[in-house]
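Residue numbers (this note's numbering), protein chains in the order written: chain A, 12 to 347; chain B, 12 to 347; chain C, 12 to 347; chain D, 12 to 347. Quick reminder that beta carbons are idealized off the backbone N, C-alpha and C, glycines included. Being a predicted model, the structure only gives us computed values, none of them experimental.
There are 4 protein chains.
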Amino acid sequence: MEKKLTIGVIGGGRIGQLHSRFITNNFPQVKIKAIADVMADKISEWARGIGIENIYADHRPIIDDREIDAVLICSPTNTHAQYSIEAAQAGKHVFCEKPIDYDVGRIHQVLQAVETAGVKFQVGFNRRFDHNFAKVRELIQSGAVGQLQIVKVTSRDPEPPPVEYVKTSGGMFLDMTIHDFDMVRYLTGSEVTEVYANAAVTVDPAIGEAGDVDTALISLKFANGAIGVIDNCRRAVYGYDQRVEVLGTRGGITVGNDLPTTVSLSTSEAVLSDKPKYFFLERYEGSFIEEMRQFFDSIANNRPTPVTGIDGLKPVLIGLAAWRSYREGRPVKVED
Amino acid sequence: MEKKLTIGVIGGGRIGQLHSRFITNNFPQVKIKAIADVMADKISEWARGIGIENIYADHRPIIDDREIDAVLICSPTNTHAQYSIEAAQAGKHVFCEKPIDYDVGRIHQVLQAVETAGVKFQVGFNRRFDHNFAKVRELIQSGAVGQLQIVKVTSRDPEPPPVEYVKTSGGMFLDMTIHDFDMVRYLTGSEVTEVYANAAVTVDPAIGEAGDVDTALISLKFANGAIGVIDNCRRAVYGYDQRVEVLGTRGGITVGNDLPTTVSLSTSEAVLSDKPKYFFLERYEGSFIEEMRQFFDSIANNRPTPVTGIDGLKPVLIGLAAWRSYREGRPVKVED
Amino acid sequence: MEKKLTIGVIGGGRIGQLHSRFITNNFPQVKIKAIADVMADKISEWARGIGIENIYADHRPIIDDREIDAVLICSPTNTHAQYSIEAAQAGKHVFCEKPIDYDVGRIHQVLQAVETAGVKFQVGFNRRFDHNFAKVRELIQSGAVGQLQIVKVTSRDPEPPPVEYVKTSGGMFLDMTIHDFDMVRYLTGSEVTEVYANAAVTVDPAIGEAGDVDTALISLKFANGAIGVIDNCRRAVYGYDQRVEVLGTRGGITVGNDLPTTVSLSTSEAVLSDKPKYFFLERYEGSFIEEMRQFFDSIANNRPTPVTGIDGLKPVLIGLAAWRSYREGRPVKVED
Amino acid sequence: MEKKLTIGVIGGGRIGQLHSRFITNNFPQVKIKAIADVMADKISEWARGIGIENIYADHRPIIDDREIDAVLICSPTNTHAQYSIEAAQAGKHVFCEKPIDYDVGRIHQVLQAVETAGVKFQVGFNRRFDHNFAKVRELIQSGAVGQLQIVKVTSRDPEPPPVEYVKTSGGMFLDMTIHDFDMVRYLTGSEVTEVYANAAVTVDPAIGEAGDVDTALISLKFANGAIGVIDNCRRAVYGYDQRVEVLGTRGGITVGNDLPTTVSLSTSEAVLSDKPKYFFLERYEGSFIEEMRQFFDSIANNRPTPVTGIDGLKPVLIGLAAWRSYREGRPVKVED
């Protein structure tokens, strides 16, 4: 990346701050000129501390700033589509956190706006950029395992989000599993054609009372003939469990968790080793940097982004099918 | 085990020879007085070599031998029920290889005969006696993982059986997965209430042409509220893949494969380690000995056998439900 | 092995019973006709139970029995040389537990007697027959690691022997490390030319008071230019620690411990896995059987034994040099 | 760290650039005002790119700059002492790369100058700040393994430095092993009292012709009664091998290598996993950042530095003893 790039960040919550910090530390060619957040007061000290000069309570000044080349949309999900459309119409490249929206029609409007404007658009499926999973994809594409037969994703959080969050989250399949739906598409290079969601409430009854589930095994069929399963739980007491397994006609792949250390303590009782890295900030730090690097590169070198609008749409379609499957107790085809 | 025990073996094929050899080597108190096989000629040299005096082409002399306390039924599946009933009626304890039968009514006749006769009856689900899986069960029962949430079984063979075998095998769910259906019951201590079989033919089209599948992800619901999935494939090129994972409210358990050695070779290309032990003979040798030890103990000490007739029936019911699920493309309840 | 072989066992203690049991269970062609032990009364019930007909308080009846083809010498160390010589002179093949003797002149007498008699002679360095270490040797010999540079052996016991035993044991280097001296010769295919023993008493002061050490790092030079180190401790609270590492110009090899199970329990505190198999009986069971198989084969097929008299002599020479090194605080050359 | 800090970097080679980059990316409160390098022309573009305004060919302008609070000495070893003394005398805090010098008298002059000036002084033993080794130290200090008995360090490079470098490097014990001498002091909290260096040339005869060795096992005695061994090789074809093992009366600790990914590929041949991270830049990145964080913190909060001048002296004394041991073929006491 040679060219200087000026960006604005919309949304200064946890994920907006995370992206801002990683950009400041790793991309000297990229200047964050402005950040917008409804709680502008609360973030202004932090923002100035990392050199962001303009802090707004509203997103429009960023959209209207002709110096800004690209925006990062890190605001609440229900604003993603609106802000993406506005930014695209203003000729800005867009990096949008997942999901684009829960409404398929609304997602199509975003994709349309992006296409009309001819700007870059990338969705925040950061796990594609993880060192482990990127290598699995590479091995699969190189033919190391032959033709795919079985794909298994384990994705468990160390603790559930607050029930208040759960209520507006779109439910586990659209909030949490959506990353895994993207992962299986990324790894297999094939589309999910049918899902069957076997789910339960085993972590917290309040999650069930809020109409959601917290534990699931989602069975998948792929267009290429492979089958798969995603295993989710909102709480694994031993930490963030992020693993993948693949079986193909020529071999199998497994991916273990990243651990804080390789230290192992042998006592008279047992051999003790580290639990997985605590949660997504620790586990996926490298992937957040790498996704941004590739976003900036796609702008600088006018190349397609590595996670397109279609890649943002498909996991939502799968998630909606998973919800229908769970509610109707039967396998459901994934359709647009 | 103090008392001397005299037994007869019906069926001198691979599994019959395996049991006979392990018994000869490990149980000095047990005398194999006779073996019956339709190919008596073929096995007589081997049988005499390990000290079996009587070799018959027919099973009846064993049933009729009043000195024989117990019989091992290792003959083809379609004879299991008949021989079990005859042996029970003759007052002999019965160890019957899995499955008892594919016909549920026929299995009930066996259970009835056994109960009427008041003899011991044990089904050959040897994997329950495996060092790894027995420890998982023990940990679960001790409360180490709290309340069960997710159970995952990986069970893949190194190579598929001949298609001729497949045709009479009852199909993958009754021939291969039946061990895994038993395993999940054993590990969870709970009954499977519903199955959904996501299956495909990815190994050999001839298996599909024979009406069977060779790759499957079978989604399960348990009476205790947990959910599970069994992952099967008739061929994993890297060998016999036998693993289990459990998630509970207080912890998780994983079981890796047993390896021939712990040797690891680091070269300029990669770090290379051993593939899993080749197949069930290598992998489950200890479990075959242990299941027999417990069978003999249950006779000697008049205790219940560790794998009862009901334990023989249930996996067949689950397997039949799995077949229905696969054929009808929907989840199916497991019922008697 | 086709031919029937009749053997006698001299010494019915732990190791004599272990060999007898493994032979009875695994080698139908081998008949243990007699066992001799000064405590004949104490072992007679056990011996009859596994089918040994003759139990003597003295070794001579075995030496004098013309039906006996080979003897296993499992008696106390100070009788090994004498019984080996008597057996050889009586024309019997000899399997002698390690060490042959602590006196080099006495060992030479044994080797002389064996050569004169033209009988087979094998020393009980069972670890050569371990699945892990045998594979390391095979990899080295195949050239997988190129030219050897560094060899490291870790060999720690779960608990020290009684101090009374220590006093007559020849000291750690001749009693415990002797196995490791043999191991490095076996793995490298090269002779140890110099040792430096860095040792201490860290486990039990009483061991030090008895003139012995309980912890050591023994630095080695090999004739082929490689260097090595053996790490010993009489007590590792986590169990029997038996590992090897090799570095060569084309690669490295590591060997981990054998574990009772592959089960791993992840809790909110840590990931817990199994300690190594407890001690040599558990860890080296397979090697005891395999060394005997090869001993019987070398007799049956008139082939050299896999652990010769020279292989019995060399580790004693190294051990004596290690003692001199420790006492004089300097490296010492290994010489006959 | 609250206070702003202005620093200068002396030496713009690989390690100087590495520190500069990490500081720029991670410590917004620290300003690198100037860098000095004899090849000022060559580094000026790079230096300006990361925001360093002043690039000098000589170190004096940095020493003389009254705005500069601290200097990082990253120049060739033979200038470390001189520049450290000058910087201290100018009242600047000093971070000095290892080794301070190879001449013990010269090191004492540095320590004297630092003490007189009352400035902070830290030596660049970065591995103390590695996540793995820091945890081992913490476990040892917490008593998790009881009283230390054995310490083993494996430290092998992926490839040897150029022979030209070797000639002026002080030899392997002072150039490479010096890190390991520091590591054993750090881990054990005890001093090395005696060394015996068993070394060889097995990698490249040219290294031997230059008077150096490339392979070594260095046996150690510690003041606390423990013993240890360091295993070094200038080339391990599988990469940078950095491991530690500790045995204590209550347990053992092992530390494995950090791997680029946790991906494991199982084929019909073997199970393949990643080689260790390539070399010190990849492996110890985190430790370089952490050592600097603690250096800056010790200045900001007027606390002792975590690696003192004595910590810089001791490994040199051990290294010199190791050279004497190797040359004289005997154990040598470590003395000032």
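C-alpha distance - residue i paired with residue j, whole-angstrom precision
i      : j      : result
R139/C : E302/C : 8 Å
L292/A : S275/C : 25 Å
G62/D  : I46/D  : 11 Å
G24/B  : C85/B  : 7 Å
T319/D : R294/B : 55 Å
A208/D : V345/C : 18 Å
V20/A  : R59/A  : 14 Å
A418/A : E108/C : Because residue 418/A is not part of the residues shown, which for chain A are 12 to 347, the question remains open.
I74/C  : N65/B  : 38 Å
R261/D : V282/A : 12 Å
G267/A : Y197/A : 18 Å
L328/D : L270/A : 36 Å
G27/C  : I43/C  : 12 Å
G116/A : L185/A : 16 Å
P287/C : T199/B : 27 Å
Heavy atom of the ligand FAD within 7 Å of residue i beta-carbon
i      : result
T272/D : Within the structure as shown, the ligand FAD is missing, as the structure has no ligands at all.
Three-state secondary structure assigned by DSSP to residue i
i      : result
L328/B : helix
G182/A : coil
L198/C : helix
V212/B : coil
E256/B : strand
M12/D  : Model confidence at M12/D stands at a pLDDT of 43, short of 50, so the residue's coordinates are unreliable; what they give is reported in the following sentence. Here M12/D sits in coil by DSSP.
S277/C : strand
R245/C : coil
I118/A : helix
Residue i burial status per 10 Å Cβ neighbour count (16 or more: buried)
i      : result
R245/B : buried
R338/D : exposed
M50/B  : exposed
S279/B : exposed
A81/C  : buried
A68/B  : exposed
N89/B  : exposed
R167/B : buried
V130/B : buried
S309/D : buried
G239/D : buried
Selected residue, minimal CA-CA separation from residue i, among the options
i      : options                        : result
E78/C  : K131/C, I18/C, P39/C           : I18/C
G219/A : V257/A, T188/A, K178/A         : K178/A
D112/C : K325/C, A247/C, R341/C, S166/C : K325/C
G340/A : L83/A, Q305/A, I229/A          : I229/A
S284/D : P287/B, S277/B, K288/B, F290/B : S277/B
Per-residue contacts from residue i into chain F (C-beta, under 7 Å)
i      : result
G182/D : No chain F appears in the structure shown, which is made up of the protein chains A, B, C and D.
Select from the region 267 to 289 of chain D all residues with a C-beta closer than 9 Å to any C-beta belonging to chain B, and list them in chain order. L270, S275, L276, S277, T278, S279, E280, A281, V282, L283, S284, D285, K286, P287
Residues within the region 219 to 245 of chain D neighbouring chain C, beta-carbon criterion of under 8 Å: T226, A227, L228, S230, L231, K232, G236, A237, I238, G239, V240, D242, C244
Listed from N- to C-terminal order along the chain, which residues in the region 14 to 28 of chain D have their beta-carbon within a distance smaller than 9 Å of any beta-carbon of chain C? none
Between the region 158 to 176 of chain A and chain B, which residues of the former have CB atoms less than 9 Å from a CB of the latter, in chain order? Q158, L159, Q160, I161, K163, T165, R167
Within 9 Å of chain A by C-beta, residues of the region 251 to 263 of chain B in sequence order: D252, E256, L258, G259, T260, R261, G262, G263
Please identify, using Cβ separations under 9 Å, the residues of the region 52 to 67 of chain C that lie next to chain B, in order along the chain. G60, I61, G62
Of the residues that make up the region 127 to 151 of chain B, which ones have a beta carbon closer than 7 Å to any beta carbon in chain C? H142, N143, K146, V147, L150
Tell me which residues of the region 329 to 344 of chain C have at least one Cβ-Cβ distance to chain D shorter than 9 Å, keeping chain order. Cβ contacts with chain D: G340, R341, P342.
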